[in-house]
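Undergrad: Chains as they are written, first to last, in my numbering: chain A, 6 to 210; chain R, 6 to 210. Glycine included, C-beta positions come from ideal geometry on N, C-alpha and C.
2 protein chains.
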Amino acid sequence: MSTEDRKEREKLEMRQLIIKTAMQLFKEDGIENVSIRAIAEKIEYSPGSIYSYFKDKGEIIHAIHTEGFEKLYALQKSLDDIKDPVEKLRRMGELYMKFAMENKDYYDLMFIAKGVADKICEKQEWDVGQRSYNYLRDTVKDCIENGNIINTDVDSATFAIWGFVHGMASLIIRGRCAMMPEEVIAQTVKGSLQFINTHLISNSN
Amino acid sequence: MSTEDRKEREKLEMRQLIIKTAMQLFKEDGIENVSIRAIAEKIEYSPGSIYSYFKDKGEIIHAIHTEGFEKLYALQKSLDDIKDPVEKLRRMGELYMKFAMENKDYYDLMFIAKGVADKICEKQEWDVGQRSYNYLRDTVKDCIENGNIINTDVDSATFAIWGFVHGMASLIIRGRCAMMPEEVIAQTVKGSLQFINTHLISNSN
DNA sequence: TTCAAATATTAAACAATGTTCAATATATAA
DNA sequence: TTATATATTGAACATTGTTTAATATTTGAA
């Protein structure tokens, strides 16, 4: 039956329109700007309509959240052809911080936000995050097997490194770096990355 | 004039009562439970009354936030008589993570929360935070002067170390560690702390 | 084409939030 | 005792997300 197919297609198109609009609002003015009513007004529907396509606001936010992880993973994949795991890890650290600083709203949603979308971590919906985490973990694993990272296990090292970059990013994004003048933050991040690189990883090989 | 003194005293007492009640609600059920209306009900006043004593909700939250920093600093001070800066730094890392894990709500407010209290970072109200940061920075400085931390400057090393512990804490608190089973988190944190300690700091002395 | 049934959409309402403000109650000083 | 100053209130406002009964539209068969 063709009508049913069309119906389903239209339903999907409407879902896409809602998500697209939500992303638009998100990019324009951050997550605070993404309200059911704002989305509804922009697509010229009533607020209630949206609930025919999404269970709740969390589901919409989750779509934006997923898009963020797509962006990050695409960046990670750009490191695919770097053979040296040490170099790869170094570049991944820089890339991660660059992504965080240039996409603060996305980063916030992906790794910091709470009340905004409790849904995010509920189900097994962590796949996209898992994928990025594995990419890091695999590289760390290569470093260990290569003898560049020593005296630790894969998971401890991976969590330490992730924690390190996430810590810097989230302190900056959530405005907890009042102790240093705005201008020197970027420089300090650079110095910290170098400090970590110099000491955690050896180029002995 | 005695009445004026009493008036002022009563005003202060009322402020204290409001803060005390807010903290009570906070400890009972987290920051979500701290609403102007809930505080008002608990002290048997109308919601509007609270605005005779505080400009807005942010000022009340800020008081709780400050209490958190008092708690943390008290813990740091307990390390005062450790002479060896390396040992001191190691213990400070453990202590910081312990504080974060045992006072998740406080930690959230102090280092992660956003919308809840924009006021927090507005003014020069960062003093209590600065104090704790300086305590860490001074210890790192001692390590550098002692030759235990090398090839870096004080600020890069301090930010790196703070970022590292904050990163782990905030990832856990905001539920971004779905990739590892609940039970192994504590163990991984331990391993990560050890990993960092082993490599960033040398006991050469 | 027509019309009952299914589906989509809406407007209004609900509950909860922080905040404001005119009206009221209370306390103070003369 | 009374006028003034202060404290407190209750209702209202604006803003959320969400639900739901009522309406509008579309569909498929007669």
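Work out the CA separation of residue 92 of chain A and residue 86 of chain A for me, nearest whole Å.
TA: Near 11 angstroms, if we compare the C-alpha coordinates of residue 92 of chain A and residue 86 of chain A.
Undergrad: Any chance you could list the alpha helix (DSSP H) runs of at least 4 consecutive residues sitting entirely within the segment 46-116 of chain R, in chain order?
TA: Whole alpha helix (DSSP H) segments, 4+ residues: 62-82, 90-107, 109-112.
Undergrad: For residue 135 of chain R, go through chain A and note every residue whose CB falls closer than 9 angstroms to its CB, in chain order.
TA: What residue 135 of chain R touches in chain A: 183, 184.
Undergrad: Label residue 189 of chain A either buried or exposed according to how many other C-beta atoms from any shown protein chain fall within 10 Å of its C-beta, with 16 as the threshold for buried.
TA: Under this definition residue 189 of chain A is an exposed residue.
Undergrad: On the CB-based measure, 16 or more other CB atoms within 10 Å of its CB, does residue 34 of chain R come out buried or exposed?
TA: Label assigned to residue 34 of chain R: exposed.
Undergrad: For residue 162 of chain A, return the contacting residues in chain R, with the cut-off set at a CB-CB distance below 7 angstroms.
TA: Ordered by position in chain R, the residues that pass the 7 angstroms Cβ test against residue 162 of chain A are 200.
Undergrad: What does a CB cutoff of less than 7 angstroms around residue 115 of chain A pick up in its chain, not counting 5 residues either side in sequence?
TA: Only 70, 73, 74 meet the Cβ criterion.
Undergrad: Between R:96, R:21, R:37, which has its C-alpha nearest residue 59 of chain R's C-alpha?
TA: Considering only alpha carbons, the answer is R:21.
Undergrad: Comparing C-alpha positions only, which one of A:31, A:54, A:88, A:79 sits nearest to residue 67 of chain A?
TA: Nearest of A:31, A:54, A:88, A:79 to residue 67 of chain A, Cα basis: A:31.
Undergrad: I'd like the list of long-range same chain contacts for residue 178 of chain A, defined as Cβ closer than 8 angstroms, with 5 residues on each side in sequence excluded.
TA: Counting only Cβ-Cβ distances below 8 angstroms, and skipping sequence neighbours, we find 105, 109, 112, 113, 117.
Undergrad: Alpha carbon to alpha carbon, what distance is there between residue 64 of chain A and residue 132 of chain R?
TA: Using only the alpha carbons, I get a separation of about 40 angstroms.
Undergrad: Spatial neighbours of residue 174 of chain R within its chain, please: C-beta separation below 8 angstroms, excluding the five flanking residues on both sides.
TA: Excluding sequence neighbours, residue 174 of chain R sits near 101, 102, 105, 106, 112, 116.
Undergrad: Terminal residues of the continuous alpha helix (DSSP H) containing residue 7 of chain R?
TA: Here the alpha helix (DSSP H) through residue 7 of chain R covers 7-34.
Undergrad: If I'm right that residue 172 of chain R touches residue 168 of chain A with Cβ under 8 angstroms, what's the distance once you round it to whole angstroms?
TA: About 3 angstroms; that satisfies the 8 angstroms criterion.
Undergrad: Residue 117 of chain A touches chain R at which residues, Cβ-Cβ below 9 angstroms?
TA: Ordered by position in chain R, the residues that pass the 9 angstroms Cβ test against residue 117 of chain A are 117, 119, 175, 179, 181.
Undergrad: Can you list, in chain order, the residues of its chain whose CB lies under 7 angstroms from that of residue 154 of chain A, leaving out five sequence neighbours each side?
TA: Answer for residue 154 of chain A: 145, 148, 162, 205, 206, listed in chain order.
Undergrad: When the cut-off is 8 angstroms and only beta carbons count, does residue 210 of chain R lie next to chain A?
TA: Residue placement at residue 210 of chain R cannot be trusted, given a pLDDT of 47 that sits under 50; the coordinates are not used to answer.
Undergrad: Determine the contact status of residue 2 of chain R and residue 134 of chain A, defining contact as a CB-CB distance below 8 angstroms.
TA: Because chain R spans 6 through 210 in this model, residue 2 of chain R falls outside it and cannot be assessed.
Undergrad: Taking the Cβ atom as the reference point for each residue, do residue 203 of chain R and residue 160 of chain A lie within a distance shorter than 8 angstroms?
TA: Cβ distance not < 8 angstroms, so residue 203 of chain R and residue 160 of chain A don't count as in contact.
Undergrad: Let me see if you follow: with CB-CB separation under 8 angstroms, is residue 112 of chain A close to chain R or not?
TA: Not one chain R Cβ lies under 8 angstroms of residue 112 of chain A.
Undergrad: Tell me whether residue 180 of chain A is buried or exposed, calling it buried when 16 or more other Cβ atoms sit within 10 Å of its Cβ.
TA: Under this definition residue 180 of chain A is an exposed residue.
Undergrad: In the DSSP assignment, find the unbroken alpha helix (DSSP H) run with residue 151 of chain R in it and report its ends.
TA: Note, residue 151 of chain R: premise wrong, no alpha helix (DSSP H); not H, not E.
Undergrad: Under a CB-based cut-off of 8 angstroms, is residue 205 of chain R close to chain A?
TA: By this cut-off, residue 205 of chain R is an interface position.
Undergrad: Please say whether residue 78 of chain A and residue 7 of chain A have beta carbons closer to each other than 8 angstroms?
TA: No, they are not a contact pair.
Undergrad: Please list the residues of the segment 23-44 of chain A that have a C-beta atom closer than 7 angstroms to any C-beta atom in chain R, keeping them in chain order.
TA: If the cut-off is 7 angstroms between Cβ atoms, the segment 23-44 of chain A has nothing near chain R.
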